[in-house]
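A.B. asks:
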Amino acid sequence: MKTESKVGILVVASIAAIMGFSYFLGVINPFADTEEIFITYNFAGGIEVGSPVRVMGIKAGKVKEIIFEPGMKSDSGEEVNLKLRIAIDRKAFETVRTDSQFFINLAGVIGEKYLEVSPGSSLSPRVSPGGVYRGEDPPRIDQLISQSYSLAGKLIKIVENNEGDFESLINRFNDMVKNLNTTLAIVNKLDKERGLQDLIANLNVVLGDVKSVSGKLKSKDTEKTLDLLYRLMWRLDDLDKKAIKEFLQEEGIKAKIF
């Protein structure tokens with residue numbers, strides 16, 4: 001076999017091996033049945049081309065391209081500068097809706113970044129292939145750490161500038177705790193001497209009597225009696241001394257009683 005033939009076979013075998021390895025890793029897949037959409041961000045949190053795309057936690061695609069577009073605006077008018085082109089398996093693509101959310105997450109503490117797609121409501125329309133949708137910007141860890149240091153510095157400064165006030169507040173709190181302990185000790189002492197229990201027992205007796213009287217006042221006989229008294233008072237309201245005297249004289253009572 002000629003040397004040229006051997007070199008040609010080696011090159012073809014190498015290319016086939018590379019393509020097979022790439023297919024195994026998912027870098028290339030000419031038989032993949034996918035749909036592509038665009039997701040916009042202002043901060044992508046370290047996502048890269050080839051990063052996996054997961055739908056409901058299942059790997060169903062990957063990031064195909066990262067596009068920088070300064071001045072681009074979303075449908076809501078928000079300015080966004082970054083756009084990701086992602087490919088999603090057709091079966092999983094059917095579950096992605098217009099109200100779906102697109103998060104950039106981290107697999108584990110030091111794992112790779114991936115794009116997570118949460119399915120939306122079944123009542124919402126499906127996303128359109130080639131459509132552009134807004135993603136959720138991941139939190140800036142570096143900014144959070146910087147802000148935490150800044151907040152800690154401000155707290156330390158406040159404590160240092162108001163050291164006397166904090167000391168006074170702590171002393172007042174200690175006094176309050178002492179007073180509370182003293183009160184609990186007195187209550188405990190009364191409880192041991194059964195004075196508190198006797199007081200509670202007497203209160204229960206009084207409340208029982210009040211309840212009994214209240215129950216009797218709510219009876220039908222009591223209501224009838226009160227109604228009769230009410231009507232009698234209304235009848236007597238129109239009477240005066242002169243009317244009563246004339247009534248008695250008509251009955252033959254001549255004595256002067258008024």
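1 is the number of the first residue of the sequence shown in this note's numbering; add one for each residue after it. Ideal placement from N, C-alpha and C gives every residue a C-beta, glycine not left out. In this text the structure is predicted, and so the values were computed from the model without any measurement.
For the candidate residues K157, G20, S124 and P138, whose alpha-carbon lies nearest to that of N42?
C.D. replies: Of the candidates K157, G20, S124 and P138, the one whose C-alpha sits nearest the C-alpha of N42 is P138.
A.B. asks: Flag this pair as yes or no: are the beta carbons of R90 and I67 separated by less than 8 Å?
C.D. replies: Their beta carbons are not under 8 Å apart, which means R90 does not touch I67 by this criterion.
A.B. asks: Since R90 is in the alpha helix (DSSP H), which residue starts that stretch and which ends it?
C.D. replies: Start and end: R90 to F93.
A.B. asks: Suppose you measure from the CA of S118 to the CA of I170; what does that come to, to the nearest Å?
C.D. replies: Straight-line Cα distance between these residues: approximately 49 Å.
A.B. asks: Residues bridged to Y133 by DSSP?
C.D. replies: I39, per the DSSP bridge assignment.
A.B. asks: Can we say the stretch 3–16 touches the stretch 59–77, given the rule of at least three CB pairs closer than 8 Å?
C.D. replies: Flag = no, the stretch 3–16 and the stretch 59–77 do not touch.
A.B. asks: By DSSP, does M176 sit in helix, in strand, or in coil?
C.D. replies: Helix at M176.
A.B. asks: Is the beta carbon of I88 closer than 8 Å to that of G45?
C.D. replies: Against a cut-off of 8 Å, the Cβ pair of I88 and G45 comes out as no contact.
A.B. asks: For S76, which residues from the same chain have a beta carbon less than 8 Å from its beta carbon, with the 5 sequence-adjacent residues on both sides left out?
C.D. replies: Only R134 meet the Cβ criterion.
A.B. asks: Using 8 Å for Cβ pairs, my map puts T40 next to V96. What's the rounded Cβ distance?
C.D. replies: With a Cβ gap of about 15 Å, T40 and V96 do not count as contacting.
A.B. asks: Compare the beta carbon distance of K62 and V55 with 8 Å and say whether it is the shorter of the two.
C.D. replies: No, they are not a contact pair.
A.B. asks: Using only the alpha-carbon positions, how far apart do E94 and I47 sit?
C.D. replies: Each residue's alpha carbon lies about 24 Å from the other.
A.B. asks: Taking only beta-carbon atoms, is R97 less than 8 Å away from chain B?
C.D. replies: Annotation note: the requested chain B is absent from the structure, which comprises a single protein chain.
A.B. asks: Have a look at L151, S5, Y114 and A17 and flag the residue whose alpha-carbon is nearest the alpha-carbon of G50.
C.D. replies: G50 has its Cα closest to that of Y114, out of L151, S5, Y114 and A17.
A.B. asks: Within its chain, find whatever has a CB closer than 8 Å to the CB of N161; leave out the 5 residues flanking it on each side and keep chain order.
C.D. replies: Answer for N161: no residue qualifies.
A.B. asks: Which residue or residues does DSSP assign as beta-bridge partners of I58?
C.D. replies: Per DSSP, V55.
A.B. asks: Take E136 and list the residues in its own chain whose beta-carbon comes closer than 6 Å to its own, dropping the five residues that flank it on each side.
C.D. replies: So the qualifying residues of the chain are Q101 and F103.
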